[in-house]
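S.K.: This is the structure I have questions about; it appears just below.
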Amino acid sequence: MDKNNIGYAVLGLGVGMGHVRGTMDLRGGRLVAVCDLCEDRLAKAVDACKDSKSKDVRTYTNFTKMLNDPDVDAVSIATPSGMHAYHAIMAMNAGKHVLIEKPIDVSVARAEEIVRVWKMMGVKASCVFQCRRWPCITEVKRVLDEGKLGEVFSGLYRINWLRTDEYYAQPIASGEAWRGTWQWDGGGSLMNQGVHTTDLMQWLMGGVESVTSAAKIFNHKIETEDFTSSIVRFKSGAIGNLVSTTCNGGKTTTDLQFFGTKGSVCIENTKITSWVVPGEDEAEMIAKYADGGAAVTKDAAAAQGHAFHVQDLIDAIREDRKPYIQPDEALNALKVVLAVYKSAREGREVRIDEIK
Ligand SMILES: NC(=O)c1ccc[n+]([C@@H]2O[C@H](COP(=O)([O-])OP(=O)(O)OC[C@H]3O[C@@H](n4cnc5c(N)ncnc54)[C@H](O)[C@@H]3O)[C@@H](O)[C@H]2O)c1
Numbered sequence: 285m286d287k288n289n290i291g292y293a294v295l296g297l298g299v300g301m302g303h304v305r306g307t308m309d310l311r312g313g314r315l316v317a318v319c320d321l322c323e324d325r326l327a328k329a330v331d332a333c334k335d336s337k338s339k340d341v342r343t344y345t346n347f348t349k350m351l352n353d354p355d356v357d358a359v360s361i362a363t364p365s366g367m368h369a370y371h372a373i374m375a376m377n378a379g380k381h382v383l384i385e386k387p388i389d390v391s392v393a394r395a396e397e398i399v400r401v402w403k404m405m406g407v408k409a410s411c412v413f414q415c416r417r418w419p420c421i422t423e424v425k426r427v428l429d430e431g432k433l434g435e436v437f438s439g440l441y442r443i444n445w446l447r448t449d450e451y452y453a454q455p456i457a458s459g460e461a462w463r464g465t466w467q468w469d470g471g472g473s474l475m476n477q478g479v480h481t482t483d484l485m486q487w488l489m490g491g492v493e494s495v496t497s498a499a500k501i502f503n504h505k506i507e508t509e510d511f512t513s514s515i516v517r518f519k520s521g522a523i524g525n526l527v528s529t530t531c532n533g534g535k536t537t538t539d540l541q542f543f544g545t546k547g548s549v550c551i552e553n554t555k556i557t558s559w560v561v562p563g564e565d566e567a568e569m570i571a572k573y574a575d576g577g578a579a580v581t582k583d584a585a586a587a588q589g590h591a592f593h594v595q596d597l598i599d600a601i602r603e604d605r606k607p608y609i610q611p612d613e614a615l616n617a618l619k620v621v622l623a624v625y626k627s628a629r630e631g632r633e634v635r636i637d638e639i640k
């Protein structure tokens, strides 16, 4: 492997196209291969690369063949969620470094197998949770770490999103619809969309102890859920609410609210809507993040999106350091989501350490 020109590949070209675009300005590497069962998607990826340093990108419909390509050093795994462990483990067993889309998988046993193989093979493995990079989230993390809100006793973590019937019915090339199925999506609004918010919540609040949840299918023909609502007890002693839906016909928002004995902060999508923090100017903070923080990072899109994660994995390989989010850490959000489903099914409070 040439550490100054690492060969990158992407498996799965739905959101995987974000990973492809994320390689366009890659430092220390280039995109050498893409793989999908769908020829149209392969053609679109080739087209996206035509004016870049990756214009000679090779296409594969067979993942094993792509893994046998000697130019491939690292792979993004962006297949349906229930396939992540299978594909990530194949790649790591072939000696490749991996970047795995969220959620790490839909099964804790399989996600733990990812962790085992990652440690055994000594490769770099990283997982996508790009919302941690929102500039406003960096500010929330700062005030929480500095204890500026006093004792954070409560919070609200809520996605009010909409997904159509067509979205859930969209098949993969093999002909199956995978979203909203237990086997391949592992859930619905919380496992697929809300897992980002779940990860932010558990990361910012310092870990979840237990959940008491309800889940329901309100408005889609799916087998999992399109609404969940949970009372969350945190390791810190705080008690908050986690809510997810893909039924909301109104304004689409992601709301994150943190309430402490000395102050509170509220985020809507990538913007600050309220910032009551001792010694800090609320109007200034709201104005600073009014555009999602582009002015702060200079390149907010790259900093927040998949480009960040791809570059981080390349840098981690080159510098022989840990990538931003390793598989053992990505397991935390998966366990919380699975605890919500178990609690809703069994009608009782479920502790995270029950989730195996
Ligand atoms: N980070 C984010 O914001 C984000 C956004 C959307 C999706 N995702 C995650 O990305 C993953 C994919 O979601 P999506 O919406 O892109 O799905 P998708 O169905 O649009 O794309 C998945 C692709 O994988 C391909 N594929 C499946 N099995 C394959 C195989 N064996 N070999 C080669 N290709 C194969 C399919 O043909 C399809 O093109 C999911 O885990 C999802 O949770 C993450």
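With the numbering used here applied, the sequence shown has no gaps in its numbers, which climb one by one up to 640 at the end.
Positions of the beta carbon are idealized from the N, C-alpha and C atoms, including for glycine.
#1: Tell me, to the nearest whole angstrom, how far the beta carbon of Val356 is from that of Gly300; I am working on the premise that it is less than 8 Å.
#2: Assuming Asn503 and Val516 make a contact with CB atoms under 8 Å, what is their CB distance in whole Å?
#3: Which same chain residues, not among the five before or five after Glu493, have their C-beta less than 7 Å away from its C-beta?
#4: Does the beta-carbon of Pro455 have 16 or more other beta-carbons within 10 angstroms, so that it is buried, or is it exposed?
#5: Have a look at Ser513, Trp487, Asp389 and flag the residue whose alpha-carbon is nearest the alpha-carbon of Ile421.
#6: Where does Val436 sit, in a helix, a strand or coil, going by DSSP?
#7: Taking only three categories from DSSP, how would you classify Phe347?
#8: In terms of alpha-carbon separation, which member of Glu568, Ala567, Gln610, Val495 lies closest to Gly631?
#9: Confirm, please, whether the CB-CB distance from Thr363 to Ser338 is below 8 Å.
#10: Per DSSP, which one or two residues make a beta bridge with Arg342?
#11: Below 7 Å CB to CB, which residues in the same chain sit around Gly302 once its five sequence neighbours on both sides are set aside?
#12: Hey, quick one: how far does the beta strand (DSSP E) through Thr496 stretch, first residue to last?
#13: Could you tell me whether any non-hydrogen atom of ligand 1 is closer than 7 Å to the CB of Glu683?
#14: Strictly by DSSP, which residues pair up with Ser410?
#15: Assess contact between the stretch 562 to 576 and the stretch 475 to 487, defined as three or more Cβ pairs (one per stretch) separated by less than 8 Å. Is contact present?
#16: Could I get the ranges of all uninterrupted beta strand (DSSP E) runs contained in the stretch 554 to 619, with 3 residues as the minimum, in chain order?
#17: Taking only heavy atoms of ligand 1 into account, decide whether any of them is closer than 7 Å to the Cβ of Asn377.
#18: Taking Thr512 as the reference, give the member of Trp418, Cys531, Gly521, Ala522 with the closest Cα.
#19: Going by DSSP, what residue range makes up the alpha helix (DSSP H) through Asp483?
#20: Shortest alpha-carbon distance to Ile556 belongs to which of Gly472, Trp466, Gly434, Val424?
#21: Using DSSP bridges, identify the partner residues of Glu552.
#22: Please indicate yes or no: does the CB of Leu326 lie closer than 7 Å to some heavy atom of ligand 1?
#23: For a test of your reading of the model: does the CB of Val299 fall under 7 Å from any non-hydrogen atom of ligand 1? Yes or no.
#24: Is Cys333 helix, strand or coil by DSSP?
#25: Please report how far the alpha carbon of Ala614 lies from the alpha carbon of Gly470, in whole angstroms.
#26: Does the distance from the C-beta atom of Val382 to that of Val341 stay below 8 Å?
#27: Pull up the distance between the alpha-carbon of Asp286 and that of Leu351, whole angstroms please.
#28: If you follow the alpha helix (DSSP H) that Asn377 is in, where does it begin and where does it stop?
#29: Beta-carbon within less than 7 Å of Ala617's beta-carbon, same chain only, minus the 5 sequence neighbours each way: which residues are those?
#30: For the pair the stretch 437 to 450 and the stretch 413 to 420, tell me if three or more CB-CB distances fall below 8 Å.
#31: Name the residue from Glu552, Asp429, Lys640 whose alpha carbon lies nearest to the alpha carbon of Gly490.
#32: Secondary structure at Val299, three-state DSSP: helix, strand or coil?
#33: Any heavy atom of ligand 1 closer than 7 Å to the CB of Phe347?
#34: Rounded to whole angstroms, what's the CA-CA distance from Val620 to Leu597? Just pull it up for me.
#35: My guess is that Gly544 and Gly434 are in contact by the Cβ rule of under 8 Å, so how many angstroms apart are they, rounded?
#36: Is it the case that the Cβ atoms of Lys328 and Ala358 are separated by a distance below 8 Å?
M.R.: According to the structure data:
#1: On the sequence shown, residue 356 is found 72 positions in, with the first residue counted as 1. On the sequence shown, residue 300 is found 16 positions in, with the first residue counted as 1. With 8 Å as the limit, Val356 and Gly300 do not qualify as a contact, their Cβ atoms being about 14 Å apart.
#2: In the sequence shown, residue 503 corresponds to position 219, counting from 1. In the sequence shown, residue 516 corresponds to position 232, counting from 1. Between Val516 and Asn503 the Cβ distance is about 24 Å, and since that is not below 8 Å, they are no contact.
#3: The count along the sequence shown starts at 1 and reaches residue 493 at position 209. Excluding sequence neighbours, Glu493 sits near Arg517, Phe518, Lys519, Arg635, Ile636.
#4: By 1-based counting over the sequence shown, the position of residue 455 is 171. Exposed, because fewer than 16 other Cβ atoms sit within 10 Å of the Cβ of Pro455.
#5: In the sequence shown, residue 421 corresponds to position 137, counting from 1. The option with the nearest alpha carbon to Ile421 is Trp487.
#6: Here residue 436 refers to the residue found at position 152 when the sequence shown is read from its first residue. Strand, per DSSP.
#7: As a first step, residue 347 is located in the sequence shown; it is residue number 63 there, counting from the start. Three-state DSSP puts Phe347 in a helix.
#8: In the sequence shown, the residue the question calls residue 631 occupies position 347. The shortest Cα separation from Gly631 among Glu568, Ala567, Gln610, Val495 belongs to Val495.
#9: Translated into the one-based positions of the sequence shown, residue 338 becomes position 54. Translated into the one-based positions of the sequence shown, residue 363 becomes position 79. Cβ atoms of Ser338 and Thr363: not closer than 8 Å.
#10: Within the sequence shown, the letter at position 58 stands for residue 342. DSSP output for Arg342 lists Ala317 as bridge partner(s).
#11: On the sequence shown, position 18 is the one that residue 302 refers to. The answer, listed in chain order, is Gly589, His590.
#12: Mapped onto the sequence shown, residue 496 falls at position 212. Segment 492 to 500, the beta strand (DSSP E) holding Thr496.
#13: Only positions 285 to 640 of the chain appear in the structure, and residue 683 is not among them; the question remains open.
#14: One-based indexing of the sequence shown puts residue 410 at position 126. Leu383, per the DSSP bridge assignment.
#15: no
#16: The qualifying runs are 555 to 560.
#17: Taking the sequence shown and counting its residues from 1, one reaches residue 377 at position 93. Asn377 Cβ: outside cutoff for every heavy atom of ligand 1.
#18: Taking the sequence shown and counting its residues from 1, the one referred to as residue 512 is at position 228. Among Trp418, Cys531, Gly521, Ala522, the Cα nearest to that of Thr512 belongs to Cys531.
#19: Numbered from its first residue, the sequence shown carries residue 483 at position 199. Element bounds for Asp483: 479 to 489.
#20: In the sequence shown, counting from the first residue as 1, residue 556 sits at position 272. Cα-wise, what sits closest to Ile556 is Val424.
#21: As a position in the sequence shown, residue 552 is number 268, starting the count at 1. The partner list for Glu552 (beta bridge, DSSP) reads Asp539, Lys555.
#22: For the purposes of this step, residue 326 is taken as the residue at position 42 of the sequence shown. It does not: the Cβ of Leu326 is nowhere closer than 7 Å to a heavy atom of ligand 1.
#23: In the sequence shown, the residue the question calls residue 299 occupies position 15. Yes.
#24: The residue you call residue 333 lines up with position 49 of the sequence shown. Of the three classes helix, strand and coil, the one that applies to Cys333 here is coil, per DSSP.
#25: Numbered from its first residue, the sequence shown carries residue 614 at position 330. Numbered from its first residue, the sequence shown carries residue 470 at position 186. Their Cα atoms are separated by approximately 15 Å.
#26: The residue labelled residue 382 in the question sits at position 98 within the sequence shown. The residue labelled residue 341 in the question sits at position 57 within the sequence shown. In this structure, Val341 does not lie closer than 8 Å to Val382 by Cβ.
#27: On the sequence shown, residue 286 is found 2 positions in, with the first residue counted as 1. On the sequence shown, residue 351 is found 67 positions in, with the first residue counted as 1. Rounded to whole angstroms, Asp286 to Leu351 spans 17 Å at the Cα level.
#28: Working through the sequence shown from its first residue, we reach residue 377 at position 93. From DSSP, the alpha helix (DSSP H) with Asn377 extends over 368 to 377.
#29: Position 333 of the sequence shown holds residue 617. Excluding residues within five positions, the ones whose Cβ falls inside 7 Å are Pro387, Val479, Thr482, Asp483, Gln486.
#30: no
#31: Locating residue 490 in the sequence shown gives position 206, where the first residue counts as 1. Nearest of Glu552, Asp429, Lys640 to Gly490, Cα basis: Asp429.
#32: By one-based count along the sequence shown, residue 299 stands at place 15. DSSP places Val299 in coil when its eight states are reduced to three.
#33: Translated into positions along the sequence shown, residue 347 becomes position 63. Yes, since a heavy atom of ligand 1 falls inside the 7 Å radius drawn around the Cβ of Phe347.
#34: Your numbering for residue 620 matches position 336 in the sequence shown. Your numbering for residue 597 matches position 313 in the sequence shown. Spanning the two alpha carbons is a distance of roughly 26 Å.
#35: Residue mapping note: residue 544 aligns to position 260 of the sequence shown, counting from 1. Residue mapping note: residue 434 aligns to position 150 of the sequence shown, counting from 1. Right, their Cβ atoms sit about 4 Å apart.
#36: Your numbering for residue 328 matches position 44 in the sequence shown. Your numbering for residue 358 matches position 74 in the sequence shown. No. Outside cutoff.
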